[in-house]
Amino acid sequence: MAIVVAAFMWIILLFMFNTETAPEPVAVDPALSAVIAKEWPTSGKAIYEANCAGCHGAAGQGGVGPKLAANTAITGDHALVVTRILKGKAPMPAFGIENGGKLKDNEVYAVANYVLNSWGNKSEDLVTPATLAEGAGKVSPEVIRVRSRFVPEEIKLPEIFLVTFVMLLLTYGIIGLYSHWAEGAELRPGIHKVRSTPMTITAMIAAMAGVILFSVLFVREILTSIAGMNAATPVAPQVTAEGFYAAMVVLLIALVLGLYKKYFMDGEVVVEDASGEFPW
Numbered sequence: 001m002a003i004v005v006a007a008f009m010w011i012i013l014l015f016m017f018n019t020e021t022a023p024e025p026v027a028v029d030p031a032l033s034a035v036i037a038k039e040w041p042t043s044g045k046a047i048y049e050a051n052c053a054g055c056h057g058a059a060g061q062g063g064v065g066p067k068l069a070a071n072t073a074i075t076g077d078h079a080l081v082v083t084r085i086l087k088g089k090a091p092m093p094a095f096g097i098e099n100g101g102k103l104k105d106n107e108v109y110a111v112a113n114y115v116l117n118s119w120g121n122k123s124e125d126l127v128t129p130a131t132l133a134e135g136a137g138k139v140s141p142e143v144i145r146v147r148s149r150f151v152p153e154e155i156k157l158p159e160i161f162l163v164t165f166v167m168l169l170l171t172y173g174i175i176g177l178y179s180h181w182a183e184g185a186e187l188r189p190g191i192h193k194v195r196s197t198p199m200t201i202t203a204m205i206a207a208m209a210g211v212i213l214f215s216v217l218f219v220r221e222i223l224t225s226i227a228g229m230n231a232a233t234p235v236a237p238q239v240t241a242e243g244f245y246a247a248m249v250v251l252l253i254a255l256v257l258g259l260y261k262k263y264f265m266d267g268e269v270v271v272e273d274a275s276g277e278f279p280w
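As structure tokens, this is what we get:
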């Protein structure tokens, strides 16, 4: 029952999360697209030099802000570039006029196209509301990247509460299933001898080998992440891989302990009456 309730709540959580991360519709104005195509080579450069060069460098070489020159990551995600300029992200302020900034829509697109077509960057198409609208039904690469963190920015307190409650329900349900499997539906007083079989011995060896394997992979991933963070060009850690290896170690250790209790450890059920020191 706990597992069924957890699955139901997980479905609710997925609907909430998808609503949070659904792309906003993009209004398409043909006149604005025409203005962008005409203005970006000149006004885009001027806007960049006045507002962006101080942090990203006059030639996009980076500084306080990240490097933009020869950056294939931004040329592959037009929506991310426009969104960053419009809404900002600490420490970068929002420049869109509707978000408290000073740039009109045509100026936002002008500087975005300038960045995407300068210093070694080359965008196949100009960024306009029309091109963003074409990709509005796709999951943004920014959303995919942020999901690899432990707590994505899109997940708010209600989602965190639901995830925690779902995990508690799942844990409770799994413990109940294990108890029924390992001890039976009804406890019988007395000593219970167990005997392992070749199959259970093989399963135990495989589970222990899995613990060793994933422990080695986890340590190697941690060392790779440390080396990447200390490199001349920092490399982001693979948090998803680290979490997966750590989870597999924990689950396999739990499997080893479960197999040991079920097939390698004798059990005893003790009964006390109401007059005993511990009346259970």
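For the sequence shown, UniProt numbering assigns the number 1 to the initial residue and increments by one for each residue that follows. All C-beta atoms in this analysis are idealised placements derived from N, C-alpha and C, irrespective of residue type, glycine included.
In the assembly as shown, E221 is a buried residue. Its beta-carbon has 16 or more other beta-carbons within 10 Å. Here M1 carries a coil assignment [DSSP, helix/strand/coil].
Collapsing the DSSP output to three states places G267 in a strand. For I191, the enclosing beta strand (DSSP E) begins and ends at 190-192. If you look at W181, you'll find it in the alpha helix (DSSP H) that goes 157-183. In this structure, G258 keeps its C-beta atom at 9 Å or more from the C-beta atom of A2. In the same chain as R188, and ignoring 5 residues on each side of it, the C-beta atoms closer than 7 Å to its own belong to V269, in chain order. Taking T200 as the centre and dropping the five residues before and after it, the same chain places the C-beta of L259, Y263 closer than 7 Å to its C-beta, in chain order. Secondary structure at K261: helix, using DSSP grouped into helix, strand and coil.
For the 9 Å CB-CB criterion, V64 and V115 do not form a contact. When DSSP reads this structure, G96 sits in a beta bridge with L103. C-alpha of S215 to C-alpha of A203: approximately 18 Å in a straight line.
Going by C-alpha positions, A207 is about 27 Å away from A7. By the neighbour-count definition (other C-beta atoms within 10 Å, threshold 16), L157 is an exposed residue.
With a contact defined as Cβ atoms closer than 8 Å, I47 and A110 qualify at about 6 Å. In its chain, beyond the 5 residues on either side, M92 have a beta carbon closer than 8 Å to the beta carbon of R84. According to the DSSP secondary-structure assignment, K89 is paired through a beta bridge with M92. By alpha-carbon distance to V108, the top candidate from S179, A50, L213, E124 is A50. In this structure, S123 places its C-beta atom within 9 Å of the C-beta atom of H78. By the CB criterion at 9 Å, L126 and I36 fall inside the cutoff. For R195, there is no enclosing alpha helix (DSSP H), as DSSP gives it neither H nor E. The distance from the Cβ of V271 to that of V211 is about 36 Å, inconsistent with a contact at the 8 Å cut-off. When secondary structure is reduced to three states using DSSP, K122 falls in the coil class, being assigned neither helix nor strand.
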